[in-house]
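Quick note, the sequences are listed as chains R and L, same order.
My numbering applies: residue 1 is where the first sequence begins, and numbers increase by one.
My numbering applies: residue 272 is where the second sequence begins, and numbers increase by one.
Where a beta carbon is used, it is the ideal one built from N, C-alpha and C, also for glycine.
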Amino acid sequence: MGKVVVVTSGKGGVGKTTSTAALGAAVARTGKKVALVDFDVGLRNLDLIMGAERRVVFDLVNVIQGTAKLSQALIRDKRLETLYLLPASQTRDKDALTEEGVEEVIARLRSVFDYVFCDSPAGIERGAQLAMRFADEAVIVTNPEVSSVRDSDRIIGLLDARTMKAEQGELVQKHVLVTRYDAARASRGEMLSIDDVLEILSTPLLGIIPESQDVLRASNLGSPVTLSEPLNGAAKAYLEAARRLEGEDLPVVVPFERKGFLDRLLGRRAA
Amino acid sequence: MSILDLFKRRTSAPVARERLQLLLAYERQSRGQPDLVSILREEIMAVIAKHVQIDQDYLQVSMDRGATMSTLEIDIQIPNKSAAPLAMAG
């Protein structure tokens, strides 16, 4: 039985889709079978971030409505044979998803894959609630910034109340993934610190992803950063976060500002 | 950071622009109506279904939408007539 992990945040634009792709690819690199499911019906983007946008034939709504088989809708990654994508529909709206349909698709994915990552849409409405509904674990993507932390707190509340596990008296295991962390600004006291974020959310930390050009470049090229440049800072942070997600006890190192002479001269910020 | 990295950095935005242009051209054109490749897929399947029963389990459809050319691949496994009674017996 595979594990179902929802990647969620409440707030939009914090890095859910990027993190879903990066974490999913990181786990798939270890040989585990991984499915990435895009729940953002009508505004899908995981296909684009994965570089599979030209190959979408069927989608999640087709599978739920029975017009396509699950095996036909799953797109196998061209780089990693253990990595699959189930795209969201671009032409329907979120009402096309039914709870029963989602339940069945998740159950079937769970029986075939080691990990099922559900990329949640922003917000707290139906789409976001269906994405988290059957999750065993949750990755809450948070930027060190007031509105993002507030929305994460709201999402944590929903995870503890509206998920199947919660209703059965169990708990969805929650992890905070801090993204777009800018060490220079944090050191100047201009940004919420990791300790602040963790204290406010009182949820364990999965990792800290530094603000990085690597992530933007990976999105431009349509490749998860953990596949395209696994040795760079953000990718390393994602790879470590993935190992923690798989249960490894790895300490989290808070990125610190490292400025070389040239960086100082040009006023550049280090990643 | 090496000089190579600097060059690599420069090349990613044009790739992004090209990918987006291709995707958006397709999405704008197909908004509200199925695209040509989907129509072809449906009609080809209908023609084949007239002659043999298509088992959804033995059907794979793949597409690759390109700027100047798209490919549509339909992979259907058609059971041999002679094999059918055996399968029924099993």
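Pull up the CB-CB distance for residue i and residue j, whole angstroms please, since I reckon it's below 8 angstroms.
i	j	result
isoleucine 155 (chain R)	serine 19 (chain R)	Isoleucine 155 (chain R) to serine 19 (chain R), Cβ: 14 angstroms. No contact.
glycine 207 (chain R)	glutamate 240 (chain R)	6 angstroms
threonine 82 (chain R)	alanine 122 (chain R)	Not confirmed; about 28 angstroms, so no contact.
tyrosine 238 (chain R)	leucine 43 (chain R)	Not a contact, Cβ separation roughly 23 angstroms.
valine 172 (chain R)	alanine 135 (chain R)	6 angstroms
phenylalanine 37 (chain R)	valine 116 (chain R)	Strictly speaking, residue 37 (chain R) in this sequence is valine, with phenylalanine absent from that position. Rounded, the Cβ-Cβ distance is 6 angstroms, consistent with contact.
threonine 163 (chain R)	methionine 132 (chain R)	6 angstroms
valine 252 (chain R)	leucine 205 (chain R)	5 angstroms
leucine 130 (chain R)	alanine 88 (chain R)	In fact, because the Cβ distance is near 11 angstroms, the residues do not count as touching under 8 angstroms.
leucine 46 (chain R)	leucine 85 (chain R)	7 angstroms
leucine 343 (chain L)	valine 286 (chain L)	So it is not a contact: roughly 24 angstroms between Cβ atoms.
arginine 288 (chain L)	arginine 54 (chain R)	That pair is no contact at about 15 angstroms.
leucine 80 (chain R)	leucine 231 (chain R)	That belief does not hold up - the Cβ atoms of leucine 80 (chain R) and leucine 231 (chain R) are roughly 17 angstroms apart, past 8 angstroms.
serine 212 (chain R)	alanine 186 (chain R)	Contact doesn't hold; Cβ gap of about 14 angstroms is too wide.
lysine 3 (chain R)	glutamate 137 (chain R)	6 angstroms
Which residues does DSSP list as the beta-bridge partners of residue i?
i	result
histidine 175 (chain R)	R:Val139
alanine 35 (chain R)	R:Tyr84 and R:Val116
lysine 3 (chain R)	R:Tyr115
valine 105 (chain R)	Valine 105 (chain R) pairs with nothing; no bridge assigned.
methionine 334 (chain L)	L:Leu343
arginine 76 (chain R)	R:Tyr84
What residue range is occupied by the uninterrupted alpha helix (DSSP H) comprising residue i?
i	result
arginine 272 (chain R)	Any answer about residue 272 (chain R) is impossible in this case: the structure gives chain R only from 1 up to 271.
lysine 321 (chain L)	307 to 322
glutamate 190 (chain R)	Unbroken run through glutamate 190 (chain R): none, as it is neither H nor E.
serine 71 (chain R)	70 to 73
glycine 13 (chain R)	Run containing glycine 13 (chain R): none; DSSP gives neither H nor E here.
glycine 247 (chain R)	From DSSP, glycine 247 (chain R) is part of no alpha helix (DSSP H); its letter is neither H nor E.
isoleucine 155 (chain R)	146 to 159
glutamine 65 (chain R)	60 to 65
glutamate 167 (chain R)	164 to 167
aspartate 214 (chain R)	213 to 221
serine 228 (chain R)	225 to 228
leucine 46 (chain R)	46 to 49
glutamine 129 (chain R)	126 to 133
Roughly how many angstroms separate the alpha carbons of residue i and residue j, rounded to a whole number?
i	j	result
valine 281 (chain R)	valine 6 (chain R)	In the structure as shown, chain R begins at 1 and stops at 271. Residue 281 (chain R) is therefore absent and cannot be evaluated.
arginine 299 (chain L)	leucine 311 (chain L)	19 angstroms
glutamine 387 (chain L)	glycine 13 (chain R)	Past the boundaries of the shown model lies residue 387 (chain L); chain L is included only from 272 to 361, so the question cannot be answered.
valine 141 (chain R)	alanine 107 (chain R)	25 angstroms
glycine 127 (chain R)	lysine 94 (chain R)	6 angstroms
glutamine 348 (chain L)	aspartate 326 (chain L)	8 angstroms
alanine 35 (chain R)	serine 71 (chain R)	12 angstroms
aspartate 346 (chain L)	valine 105 (chain R)	24 angstroms
arginine 256 (chain L)	isoleucine 194 (chain R)	Because chain L spans 272 through 361 in this model, residue 256 (chain L) falls outside it and cannot be assessed.
methionine 191 (chain R)	asparagine 143 (chain R)	10 angstroms
valine 197 (chain R)	serine 147 (chain R)	12 angstroms
glutamate 229 (chain R)	glycine 31 (chain R)	18 angstroms
alanine 183 (chain R)	aspartate 119 (chain R)	27 angstroms
serine 111 (chain R)	isoleucine 315 (chain L)	33 angstroms
threonine 98 (chain R)	alanine 296 (chain L)	30 angstroms
threonine 91 (chain R)	glycine 51 (chain R)	19 angstroms
lysine 69 (chain R)	threonine 282 (chain L)	38 angstroms
glutamate 100 (chain R)	glycine 66 (chain R)	13 angstroms
aspartate 114 (chain R)	leucine 250 (chain R)	21 angstroms
leucine 159 (chain R)	alanine 242 (chain R)	21 angstroms
threonine 255 (chain R)	arginine 188 (chain R)	The question names threonine, but residue 255 (chain R) in the sequence shown is proline. C-alpha separation (whole angstroms): 13 angstroms.
alanine 25 (chain R)	isoleucine 49 (chain R)	12 angstroms
alanine 284 (chain L)	arginine 217 (chain R)	8 angstroms
proline 210 (chain R)	arginine 244 (chain R)	17 angstroms
methionine 334 (chain L)	valine 41 (chain R)	21 angstroms
alanine 358 (chain L)	lysine 321 (chain L)	Annotation note: pLDDT 44 at alanine 358 (chain L) (below 50); position unreliable, no value reported.
isoleucine 124 (chain R)	alanine 161 (chain R)	13 angstroms
alanine 338 (chain L)	lysine 11 (chain R)	34 angstroms
glutamine 324 (chain L)	leucine 109 (chain R)	27 angstroms
glutamate 145 (chain R)	serine 341 (chain L)	44 angstroms
leucine 228 (chain L)	serine 219 (chain R)	This structure does not reach residue 228 (chain L), given that chain L is present from 272 up to 361, and the question cannot be answered.
lysine 174 (chain R)	threonine 17 (chain R)	18 angstroms
aspartate 288 (chain R)	isoleucine 319 (chain L)	Nothing can be reported for residue 288 (chain R): it is not among the residues displayed for chain R, which extend from 1 to 271.
valine 215 (chain R)	alanine 317 (chain L)	44 angstroms
alanine 166 (chain R)	alanine 96 (chain R)	25 angstroms
phenylalanine 39 (chain R)	valine 149 (chain R)	22 angstroms
Looking at the unbroken beta strand (DSSP E) that takes in residue i, where does it start and where does it end?
i	result
glycine 207 (chain R)	205 to 210
Next on the checklist: Measuring CB atoms only, is the segment 219 to 236 of chain R touching the segment 194 to 202 of chain R, in the sense that at least three cross pairs come out at less than 8 angstroms?
Outcome noted: Judged by pairs of C-beta atoms under 8 angstroms, the segment 219 to 236 of chain R does not touch the segment 194 to 202 of chain R, as fewer than three such pairs exist.
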